[in-house]
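Numbering (the numbering used here), first residue to last: 156 to 259.
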């Protein structure tokens, strides 16, 4: 597999990532994650002592925010707002699907 290959997968909600694992999975520095945590733009899945733990929800959010910041030179707050909107669209699609509504 070359360095350019992209591997996609799905984490289960019960899976937790450490700060280091989250940063590595999203190709960002630990400090990038910490700054957004401190700014209220990300949520932790919990803590065990001094160690941060994150869920698959946070993994998806970080990846979206990183793309917005890199691709569109968005400030972190704008990237978080876009992530919020994308998350709301996902929730609405899920509700529509559960109600039997096609969105094609």
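For every residue, glycine included, the Cβ atom is placed at its ideal position computed from N, Cα and C.
Since this is a predicted model, take the numbers as computed values, not measurements.
Where residue i falls, given that 16 or more other Cβ within 10 Å makes a residue buried
i: residue 186; result: exposed
i: residue 224; result: buried
i: residue 207; result: buried
i: residue 235; result: buried
i: residue 191; result: buried
Residue i vs residue j beta-carbon contact at 8 Å
i: residue 171; j: residue 200; result: yes
i: residue 183; j: residue 237; result: no
i: residue 219; j: residue 233; result: no
Cβ neighbours of residue i in the same chain (closer than 7 Å, five flanking residues each side left out)
i: residue 166; result: Note that residue 166 has pLDDT 46, beneath the 50 cutoff, so the model's placement of it is unreliable and the number below is only indicative. Answer for residue 166: 211 and 214, listed in chain order.
Same chain only: Cβ atoms within 6 Å of residue i, ignoring 5 sequence neighbours per side
i: residue 259; result: none
Start-to-end residues for the beta strand (DSSP E) that takes in residue i
i: residue 207; result: 206-209
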